[in-house]
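Participant: In the numbering used here, the protein residues as written are 1 to 341. The beta carbon of each residue, even a glycine, is placed where N, CA and C say it ideally should be. Below you will find the structure I want to go over with you.
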Ligand SMILES: *Cc1c(COP(=O)(O)O)cnc(C)c1O
């Protein structure tokens, strides 16, 4: 037996495990699904025939999403988390390399590396914005361009006109809108205009369903048709579909929580404005090297590296959790005598 060299050299995706009090490292929703909605889900699961495979193209959930978004089902694909869809998107189009815009979400290069696809990095500017002209210029032989908006880990939306400069070239552009509900701004109304514009979304953040693994994309029927040619037929389970569909039926609960999280984000930003960057997502990028300090207090956040070394990414949590972070970070900044910006 011989395992491929690329696999042995692969850096696996790691997260901290252990007994800590406050988990603000994965941009999860701090609120579980309310018990009444869980009860409704349990009743539906009772009636589910566990011996049967799920629908082969996840039609029940796609129909629900089509109604929710005001789109046709032929413009929607669902995956086992949006990660599964990224896994296909890096292999679907003709071209020589993918383009990413670091610092950004790691999964675009994760899957590309696995398949030996070259990665061309066009870094964000000092305000963490993309340069649409530069990406457009370098996209001639690209198989796809990946842009997260709002971006993870910087938190900011990308200017629509910069994204559209890239889209106008005709190269496939995947706009990852994992945090769109916290931003209130989307490119959804442009999807039917551009067959090469692909929006990626997830149930893991605003919907609070990280455990169930559901993501979706909205794109032209040409792209959706292509993805269903190559997608693992039964990767989205019936249980996942039932839970996601039920949350779409109760979107008012999602909206209410998003509102709370956005209000908490703005409160934390005001409290920490000497160190925090503005955010359109459910987390804050903070210019403090406080990872170990917070961990010693039982608070887990994301430690960043490379261009963002010395920074941390803090998920917005419940009010008491946020209060603890605010006072710990003020204490840390005071003790360290760091000036911030
Ligand atoms: C969290 C996140 C996702 C969601 O991934 P899932 O596989 O759907 O849980 C996608 N893109 C970005 C940028 C994210 O931060």
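(1) For a quick check, are the C-beta atoms of residue 208 and residue 162 less than 9 Å apart?
(2) With H, G and I counted as helix, E and B as strand and the rest as coil, what does DSSP make of residue 26?
(3) In this structure, what does DSSP give as the bridge partners for residue 315?
(4) Please tell me whether, using a cut-off of 8 Å, the distance from the CB of residue 202 to the nearest non-hydrogen atom of ligand 1 is below it.
(5) Does the distance from the CB of residue 354 to the CB of residue 110 come in under 9 Å?
(6) Less than 8 Å separating the Cβ of residue 83 from some heavy atom of ligand 2?
(7) Across which residues does DSSP place residue 200 in a beta bridge pair?
(8) When every heavy atom of ligand 1 is checked, does at least one fall within less than 8 Å of the C-beta of residue 111?
(9) Between 213, 217, 125, which lies nearest to residue 240 when the distance is taken from Cα to Cα?
(10) Could you please give the first and the last residue of the uninterrupted beta strand (DSSP E) stretch that includes residue 148?
(11) Just confirm the distance between the C-beta atoms of residue 108 and residue 100, as a whole number of angstroms; I'd bet it's less than 8 Å.
(12) Could you tell me if the beta carbon of residue 105 falls within a distance shorter than 8 Å of some heavy atom in ligand 1?
(13) Rounded to whole angstroms, what's the CA-CA distance from residue 229 to residue 120? Just pull it up for me.
(14) Can you determine whether any heavy atom of ligand 1 sits closer than 8 Å to the C-beta of residue 215, and answer yes or no?
(15) Considering only C-alpha positions, which residue in the set 286, 307, 304, 309 is nearest to residue 328?
(16) Which one or two residues does DSSP pair with residue 77 in a beta bridge?
(17) Does the separation of the CB atoms of residue 217 and residue 79 fall below 9 Å?
(18) By how many angstroms is the C-alpha of residue 64 removed from the C-alpha of residue 23?
(19) For ligand 1, I want to know if residue 27 counts as a neighbour, meaning its beta carbon is within less than 8 Å of at least one of the ligand's heavy atoms.
(20) Our contact map puts residue 153 next to residue 302 with C-beta atoms below 8 Å; I'd like the distance itself, whole angstroms only.
(21) Do the stretch 52-60 and the stretch 191-211 meet, that is, are 3 or more Cβ pairs less than 8 Å apart?
(22) Quick one: any contact between the stretch 165-178 and the stretch 255-273, if contact means 3 or more CB pairs under 8 Å?
(23) What's the C-alpha gap between residue 9 and residue 115?
(24) Measure the Cβ-Cβ separation of residue 275 and residue 288 and say whether it is below 9 Å.
(25) The alpha helix (DSSP H) that contains residue 166, what's its start and end?
(26) Please indicate yes or no: does the CB of residue 179 lie closer than 8 Å to some heavy atom of ligand 1?
(27) Express the C-alpha separation of residue 272 and residue 335 in angstroms, rounding to a whole number.
(28) What three-state label does DSSP hand residue 117 in the structure shown?
(29) Excluding five sequence neighbours on each side, which residues of the same chain lie with their C-beta closer than 8 Å to the C-beta of residue 224?
(30) Is there contact between the stretch 29-49 and the stretch 182-195, where contact requires at least three CB pairs shorter than 8 Å?
Facilitator: Judging by the given coordinates:
(1) No, Cβ-Cβ distance for residue 208 and residue 162 is not below 9 Å.
(2) In this structure, DSSP gives residue 26 a state outside helix and strand, which the three-state scheme calls coil.
(3) Residue 315 pairs with 283.
(4) Remark: the C-beta of residue 202 is in contact range of ligand 1, defined as less than 8 Å to any heavy atom.
(5) Because the chain is modelled from 1 through 341, residue 354 falls outside the range shown and cannot be assessed.
(6) Questions concerning ligand 2 fall outside what the structure shown contains, since the ligands it does hold are ligand 1.
(7) For residue 200, which the question treats as bridged, DSSP gives the partners 176, 217.
(8) The answer is no for residue 111.
(9) Nearest C-alpha to residue 240: 213.
(10) Its beta strand (DSSP E) spans residues 142-148.
(11) Contact between residue 108 and residue 100 is confirmed by a C-beta separation of about 5 Å, below the 8 Å threshold.
(12) Correct: residue 105 has its Cβ closer than 8 Å to ligand 1.
(13) Cα to Cα, the separation comes out at about 27 Å.
(14) Yes.
(15) When C-alpha distances from residue 328 are compared across 286, 307, 304, 309, the shortest belongs to 286.
(16) Note: residue 77 is bridge-paired with 217 in the DSSP secondary-structure output.
(17) Taking the C-beta atoms as reference points, residue 79 is found nearer than 9 Å to residue 217.
(18) Counting only the Cα atoms, residue 64 lies some 32 Å from residue 23.
(19) Yes - ligand 1 has a heavy atom lying nearer than 8 Å to the Cβ of residue 27.
(20) Residue 153 to residue 302, Cβ: 7 Å. Contact.
(21) Taking one beta carbon from each stretch, the stretch 52-60 and the stretch 191-211 have fewer than 3 pairs nearer than 8 Å; the two do not touch.
(22) Segments in contact, no.
(23) One C-alpha to the other measures close to 13 Å.
(24) Yes, the Cβ-Cβ distance between residue 275 and residue 288 is below 9 Å.
(25) First-last of the alpha helix (DSSP H) with residue 166: 160-167.
(26) Checking the Cβ of residue 179 against ligand 1 gives yes.
(27) Going from the Cα of residue 335 to the Cα of residue 272 covers about 15 Å.
(28) Correct three-state label for residue 117: coil.
(29) In chain order, 74, 75, 76, 77, 217 place their CB closer than 8 Å to the CB of residue 224, counting only its own chain and leaving out the 5 sequence neighbours on each side.
(30) No, the stretch 29-49 is not in contact with the stretch 182-195.
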